[in-house]
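Chains as they are written, first to last, in this note's numbering: chain A, 197 to 472; chain B, 197 to 472.
Each residue gets a CB set at the ideal place from its N, CA and C atoms; glycine is no exception.
Computed from a predicted model, the values in this text were never measured in an experiment.
Number of protein chains: 2
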Amino acid sequence: MSARLTVWAPGGFPEVRPGDDLATLVGDVLAADAAASGDAPAEGDVVVVTSKVVSKAEGRVVLAADRERAITDETVRVVATRERPGGLPPLRIVENRLGLVMAAAGVDASNTPEGTVLLLPEDPDASARALRAALRSRFGLDRLGVVLTDTAGRPWRDGLVDIAIGAAGVAVVDDLRGGFDAHGRPISVTVTAVVDEVAAASELVRGKTAGRPVAVVRGVGRFVLAGDGPSGDGPGARTLVRPSADDLFREGSAEAYARGLADAQGLADGAESGRG
Amino acid sequence: MSARLTVWAPGGFPEVRPGDDLATLVGDVLAADAAASGDAPAEGDVVVVTSKVVSKAEGRVVLAADRERAITDETVRVVATRERPGGLPPLRIVENRLGLVMAAAGVDASNTPEGTVLLLPEDPDASARALRAALRSRFGLDRLGVVLTDTAGRPWRDGLVDIAIGAAGVAVVDDLRGGFDAHGRPISVTVTAVVDEVAAASELVRGKTAGRPVAVVRGVGRFVLAGDGPSGDGPGARTLVRPSADDLFREGSAEAYARGLADAQGLADGAESGRG
């Protein structure tokens, strides 16, 4: 018997404006799609929403002229920088308020009204929880997941992939530690980032230009949680952030190298002045 | 109208042994599944296969006792290391022969016969091309893609995701540079790593323990190529590897820092000896 995953992304999503009730917009589009296609959200489904429309609804819009300052404001820690040609300000890869390491702190200029840029939602896990509560109620469902996505680069590989920056009602990871492989040997290190794979799968359907910010993912019900409150909402996508202290790549190579040079210089100066 | 993606993974895949004709095994399982479910591979589909069964068929098996030496042999460049407790050898994150930066060079001990570990395929893009040719012929299809996957960790985020390490008949990236967003502004930096998202989507269906090494992805036909030869096979997954010279994270933070310290010491020693 086949295992099966289905992802669909309804069209017809309206432009989102600050103050819009996103749960109502998402619910309306899903309901209209269900009326047309018969595919209503069901128990065990995950509703995936790009964080861009969450930011718009939450009014996380700033003037493009203030982009560099916005990046600075969103930055907790600069991880790496790269000079850019043509008088552009340097590319800054930073850890932002949400713990995410992203170029430009996740501040985004695509698909935003002219002259503006978008900040990431204030608290994407909280936004996901609110959306989950509203959609569970509207569609009369218990086991429903919500994932909020953003598009991110990564070291070592070209190209961007969508990741989960907010989650509610989903187990976030498939923790196989303690399980056994097909040869009966313990699986010791495989912890799959399920919500990141859900985000990636949904991007293949939503795309970047087609005005489809919402997708429904069916077939991952084993990761979808029931009930409300903390046990139903689950751990949230923030738990996927690796603490920088545990991260072998917490700092860009050039930055770390320069810090090593500078520290050696400081030690040498200290020794000099100690000698003097 | 909804955009739609469907992924399915037939069960019943046999254990793969060195020398097995993988294209026949994959074709047999897809044909049996089609007979049972009616879902035969069709124009525009992508067949995703975990590289693990490719390695097994290609005989890329070594004794577990030789694991550390195998990692060394697969290593082109050590990127970062971390000590491990309990007398275990250090974790080595390295760039391997394929350009992939991976823990243990991608040498894998899960789902392998007792006492053995698996190396990655010799040339996953070539393996994908061979599989594509065989499956196009068997199913009488023109536009068919093949993606070979592996499971990888990443900086900054916990949990593993599947990525594409081999590809044939797929455009690899969705290059939106030159396109326009919904506000008519040029999209300047969005290059989506389509095959990595296909790999991630397939993992949600294949899983790690269920004996489903093959999945079919339907709904990404706009990225699937027609014909044989280089234009039909496309660029291959190797093109997603970012050259280390362009990579801001080409070296672990601790390693880069230590190199800075050492270089400063070398400079100081040079200055000393120059002075003397």
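Interface flag for A/E393 against chain B is set, since a Cβ pair is found closer than 7 Å. Closer than 7 Å at the C-beta level to chain B, one finds these residues of the segment 267-293 of chain A: A276, R278, I289. Interface with chain B (7 Å Cβ-Cβ cutoff): A/L400 is included. For B/T268, the three-state secondary structure derived from DSSP is helix. A direct Cα-Cα distance of roughly 8 Å separates A/R256 from A/E318.
Under the 10 Å beta carbon count, B/A467 is surrounded by fewer than 16 other beta carbons and is classified as exposed. Note that the C-beta distance between A/D346 and B/V357 is not below 7 Å.
In this structure, DSSP gives B/R350 an extended state, which the three-state scheme calls strand.
According to the DSSP assignment, A/V257 belongs to the beta strand (DSSP E) that extends over 257-259.
Counted as a single uninterrupted DSSP element, the stretch harbouring B/L294 is not any beta strand (DSSP E), since DSSP gives it neither H nor E. If only complete runs of 4 or more residues are kept, the segment 206-238 of chain A shows the alpha helix (DSSP H) at 218-233, in order along the chain. Taking 9 Å as the cut-off between beta carbons, the residues of the segment 216-250 of chain B near chain A are D229, A232, S233, D235, in sequence order. Rounded to whole angstroms, the separation of the alpha carbons of A/P286 and B/R334 is 52 Å. A distance of 7 Å or more separates the beta carbons of A/W204 and A/V343. Apart from the 5 residues on each side of it in sequence, A/E270 sits with its Cβ closer than 8 Å to the Cβ of V290, N292, R293, A301, G302, V303, L315, L316 in its chain, given in chain order. Distance from the CA atom of B/D262 to the CA atom of B/G311, rounded to whole angstroms, is 10 Å. Rounded to whole angstroms, the gap between the alpha carbons of B/S198 and A/D229 is 7 Å. Close to B/E447, with beta-carbon spacing below 7 Å, are these residues of chain A in chain order: S449. Listed along chain A is no residue with a C-beta nearer than 8 Å to that of B/S427; the closest approach is about 21 Å. With the rule of 3 Cβ pairs closer than 8 Å, the segment 427-445 of chain B does not count as touching the segment 428-437 of chain A. Excluding residues up to 5 positions away in sequence, A299, L356 lie with their Cβ nearer than 7 Å to the Cβ of B/G349 in the same chain. Rounded to whole angstroms, the gap between the alpha carbons of B/G208 and B/V225 is 7 Å. For A/L314, the enclosing beta strand (DSSP E) stretches over residues 312-314.
For B/G403, same chain residues with a beta-carbon under 7 Å away, outside a window of 5 residues either side, do not exist.
A straight-line Cα-Cα distance of about 14 Å links B/A364 and B/V250. According to the DSSP assignment, A/D241 belongs to the beta strand (DSSP E) that extends over 241-246. For B/L372, at least one C-beta of chain A is nearer than 7 Å to its own C-beta. Annotated three-state conformation of A/A199 is strand, per DSSP. For a Cβ distance threshold of 8 Å, residue set G456, L457, D459, A460 of chain B lies close to A/L457, ordered along the chain. In this chain, A/V390 is not harboured by any beta strand (DSSP E); it is covered by the alpha helix (DSSP H) spanning 390-402. For B/V369, the C-beta contacts it makes with chain A under 8 Å involve D354, G355, in order along the chain. At a cut-off of 7 Å between C-beta atoms, A/L340 does not count as an interface residue with respect to chain B. Of all alpha-carbon atoms in B/K248, B/E239, B/A253, the one lying nearest the alpha-carbon of B/D217 is that of B/A253.
When DSSP reads this structure, A/G362 sits in a beta bridge with A/L344. For B/A329, the enclosing alpha helix (DSSP H) has its first and last residue at 320-335. About 6 Å separates the CB atoms of B/V245 and B/V222; that is less than 8 Å, so the two are in contact.
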